[in-house]
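Input: a single structure, listed below in structure tokens.
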Amino acid sequence: GAWALTAEQALKMATGDGEDRVQAINEAVLDADDRTRAFIDALSNDAVKASDKAAFVMEGDQATDPVTGAKVKLPDDAEDVINNNFLRSALDAAKAALQLHSEDEATRAAAAAALMKDPDES
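Using the numbering used here, read the sequence shown as starting at 1 and increasing by one per residue.
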């Protein structure tokens, strides 16, 4: 079965220094479930806020728990998650990798083409 997103993993992908966040994102991609995919999409779309204790996916002004999808109250100390270029490329690569495992053949082909066009520069 797919690896289920945990609150701890969501927080690791959203907070901390860039390298730790990228490592958490890369680990999550290896066996991602639908919630993990949705959270990576939300991170990529600047739709995540985080406090010291938890990450939240924002749908307009409504915060949701990335693990359960339940609507929750956003804590006062939650701040926007900022992605620099390093994190943006990691998120783009993560999304492409997730699409490579898609059930849909066209999605897989597009993901493979995207990865070939934008090779890892490290």
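Note that beta-carbon positions come from the ideal geometry of N, C-alpha and C, so glycine has one too. None of these values were measured; they are calculated from a predicted model.
- Secondary structure of Glu103 (DSSP, three-state): coil.
- According to the DSSP secondary-structure assignment, Phe39 is paired through a beta bridge with no residue.
- Here Leu5 really is in contact with Val67; their C-beta atoms are around 5 Å apart, less than 8 Å.
- Three or more beta-carbon pairs drawn from the segment 75-86 and the segment 41-59 are found closer than 8 Å, and the two stretches are therefore classed as touching.
- For Lys12, there is no enclosing beta strand (DSSP E); the enclosing alpha helix (DSSP H) covers residues 7-14.
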